[in-house]
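Worksheet: the structure to be examined is printed underneath.
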Amino acid sequence: MELYQGPLDAKEIFGRWLDEQSGSNYGAYIPFIGIIREEGSIEALSFDIYEPILQSWFDAWQERAAREGAIVKMAHAMGDVPIHTSSYVSAVFSPRRRVALELIDAFVEDFKANAPIWKYDVINGERIYAADRSTPMDGAGLLA
Amino acid sequence: MELYQGPLDAKEIFGRWLDEQSGSNYGAYIPFIGIIREEGSIEALSFDIYEPILQSWFDAWQERAAREGAIVKMAHAMGDVPIHTSSYVSAVFSPRRRVALELIDAFVEDFKANAPIWKYDVINGERIYAADRSTPMDGAGLLA
Amino acid sequence: MIRVEFLGPIGKGPVEVKANTLAELSERLKEDKALADWLPKCAVALNDAMVSDLQTHLKTGDRVTILPPVCGG
Amino acid sequence: MIRVEFLGPIGKGPVEVKANTLAELSERLKEDKALADWLPKCAVALNDAMVSDLQTHLKTGDRVTILPPVCGG
Chain A
171 MELYQGPLDA
181 KEIFGRWLDE
191 QSGSNYGAYI
201 PFIGIIREEG
211 SIEALSFDIY
221 EPILQSWFDA
231 WQERAAREGA
241 IVKMAHAMGD
251 VPIHTSSYVS
261 AVFSPRRRVA
271 LELIDAFVED
281 FKANAPIWKY
291 DVINGERIYA
301 ADRSTPMDGA
311 GLLA
Chain B
171 MELYQGPLDA
181 KEIFGRWLDE
191 QSGSNYGAYI
201 PFIGIIREEG
211 SIEALSFDIY
221 EPILQSWFDA
231 WQERAAREGA
241 IVKMAHAMGD
251 VPIHTSSYVS
261 AVFSPRRRVA
271 LELIDAFVED
281 FKANAPIWKY
291 DVINGERIYA
301 ADRSTPMDGA
311 GLLA
Chain C
133 MIRVEFLGPI
143 GKGPVEVKAN
153 TLAELSERLK
163 EDKALADWLP
173 KCAVALNDAM
183 VSDLQTHLKT
193 GDRVTILPPV
203 CGG
Chain D
133 MIRVEFLGPI
143 GKGPVEVKAN
153 TLAELSERLK
163 EDKALADWLP
173 KCAVALNDAM
183 VSDLQTHLKT
193 GDRVTILPPV
203 CGG
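Protein chains in written order, with the numbering used here: chain A, 171 to 314; chain B, 171 to 314; chain C, 133 to 205; chain D, 133 to 205.
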């Protein structure tokens, strides 16, 4: 798991992960690259991350992938990420195509639902919580 | 659609496609990289391609993706591709994550089922048709 | 005393609270009107492990984290 | 005359055949015992468009392509 201050260098990450696994005999490599879209008048998105729980979440996924003979990778930006740059890169390596396609889908969707990351629109230099696009994590409301 | 003699430069393709779409406001970019696995005593796989029908197949997918506001990309190797190098790179760009995840799955699966490409194991320099891993295309058996 | 930390957009500094269970902690936190809108949407971690049982016991030095709705990627 | 091309592993050069429909072409091709194992597994294209109707008419200069089982990627 890799966390960066500001936007990700998607090409560097893609190539480095490919090189790291070049002798591992995986047949399928599926990265997912998240890019900041220009919408409304935002100039950037900004992210807060709570690393200890993100790391546990990622470790659990690493174990789940290992049970299928696969591995997962993840990189995310902290702080401001300008539009048209990358905030998120994740990936699956697997011996087999079918496992890889199913894992990348489940991994990315669970990431959206349960990774402890908070998103803000940056408009005129101001940071506004993206409440309408955020979802309560599994088990939310326990203390209500 | 891009066809290459021999293995693909996955990094160059990944980066070039990313750059080409850098102003297109897509939020999700999902490449699929197929890598030749070492299995048995093969030293390489080798591919024959019938380009006219591959192009029609790809054009139909481009139209299908466009209806969802997305685009698909594809590169494939012709001839011999040594183990641990890449024979196939495809990708989806889409404004939205969900569309991208569903398209890459359907696109890659239909590619395996219906792209007019023939695979051979290369063992001791000899080219042996991979009959056991090949599947009849949709509509096969018409003239039987 | 239990240390309670509020993450991301909640915008509230950590507090020290007396509570023997998460249920007791819930009662204490609900006294803060500023948290009323947040608590129904927040998940909870105890010493950085997600928890889902209100009867979970707490001991001095425990750290409870309040996690509001997320949106990574 | 119809030109028939055999792709990939079939390993047979193109042939010129007289046939007014795909059904007639099927009869001609089945006379070649070397094709008996291939035809049940092969898809067919007419002038580079996939076809699925045996009654499809053929005319002089048409090109029929025989596509054996595939495995790209």
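For every residue, glycine included, the Cβ atom is placed at its ideal position computed from N, Cα and C.
Strictly below 9 angstroms CB to CB, what residues from chain D border residue i?
| i | result |
| --- | --- |
| K282/B | V202, C203, G204 and G205 |
In this structure, how does DSSP classify residue i when only helix, strand and coil are distinguished?
| i | result |
| --- | --- |
| D180/D | coil |
| Q175/A | strand |
| G249/B | strand |
| G204/C | coil |
| A198/A | strand |
| I203/B | strand |
| R135/D | strand |
| K243/A | strand |
Taking 8 angstroms as the CB-CB limit, is residue i close to chain C?
| i | result |
| --- | --- |
| G309/A | yes |
| A276/A | no |
| A261/A | no |
| A300/A | yes |
| S264/A | no |
| S318/A | Shown here, chain A extends from 171 to 314; a query on residue 318/A therefore has no answer. |
Is the shortest distance between the beta-carbon of residue i and the beta-carbons of chain A less than 8 angstroms?
| i | result |
| --- | --- |
| V147/C | no |
| M133/C | no |
| L178/B | no |
| L190/C | no |
| L215/B | no |
Just the chain B side, please: which residues come within less than 7 angstroms of residue i by C-beta, in chain order?
| i | result |
| --- | --- |
| G274/D | An answer regarding residue 274/D cannot be provided, because it is not within the stretch 133 to 205 covered by chain D. |
Any beta carbon from chain B within less than 8 angstroms of residue i's own beta carbon?
| i | result |
| --- | --- |
| K181/A | yes |
| Y174/A | no |
| D164/D | no |
| R297/A | no |
| L199/D | yes |
| G249/A | no |
By the criterion of Cβ-Cβ separation under 7 angstroms, what are the contact partners of residue i in chain A?
| i | result |
| --- | --- |
| L186/C | L312 |
| G185/B | K181 |
Which residues mark the beginning and the end of the alpha helix (DSSP H) in which residue i is found?
| i | result |
| --- | --- |
| A230/A | E221 to A236 |
| A270/A | R267 to N284 |
| A261/B | Run containing A261/B: none in the alpha helix (DSSP H); it sits in the beta strand (DSSP E), S256 to S264. |
| A180/B | A180 to E190 |
Provide the residue span of the beta strand (DSSP E) that contains residue i, from first to last.
| i | result |
| --- | --- |
| E213/B | From DSSP, E213/B is part of no beta strand (DSSP E); its letter is neither H nor E. |
| K289/A | I287 to I293 |
| L199/C | R195 to L199 |
| I298/A | E296 to Y299 |
Whose Cβ in chain A lies nearer than 8 angstroms to the Cβ of residue i?
| i | result |
| --- | --- |
| S304/B | Chain A residues near S304/B: none, gap ~15 angstroms exceeds 8 angstroms. |
| Q193/B | In the sequence under discussion, the amino acid at residue 193/B is Gly, which differs from the Gln named in the question. By Cβ distance, chain A contributes H254. |
| L171/C | G311, L313 and A314 |
Since residue i meets chain A, which of its residues come closer than 9 angstroms, beta carbon to beta carbon?
| i | result |
| --- | --- |
| A175/C | N284, P286, P306, M307, D308, G309, A310, G311 and L312 |
Starting from the beta carbon of residue i, find every residue of chain B whose beta carbon is closer than 8 angstroms, and list them in chain order.
| i | result |
| --- | --- |
| D194/D | Those do not exist, as D194/D stays about 14 angstroms from chain B at its closest Cβ, beyond 8 angstroms. |
| P200/A | The residue you asked about is not Pro; residue 200/A is Ile in the sequence shown. Those within 8 angstroms of I200/A in chain B are I200, P201, F202, I203 and I274. |
Residues of chain D with CB closer than 8 angstroms to the CB of residue i, please, in chain order.
| i | result |
| --- | --- |
| P222/B | D180 |
Please list, in chain order, the chain C residues whose beta carbon lies closer than 7 angstroms to that of residue i.
| i | result |
| --- | --- |
| A230/A | Those within 7 angstroms of A230/A in chain C number zero; the least Cβ separation is about 10 angstroms. |
Run through chain B and tell me which residues come within less than 9 angstroms of residue i, C-beta to C-beta.
| i | result |
| --- | --- |
| L154/D | L312 and L313 |
| R267/A | F202, G204, V278, E279 and K282 |
| E208/A | N195 |
Just to make sure I have the definition right: I need the residues of chain C whose C-beta is within less than 9 angstroms of the C-beta of residue i. Which are they?
| i | result |
| --- | --- |
| Y258/A | G204 and G205 |
Could you tell me which whole alpha helix (DSSP H) segments of length 4 or greater appear in the stretch 144–170 of chain D? Correct list: 154–162.
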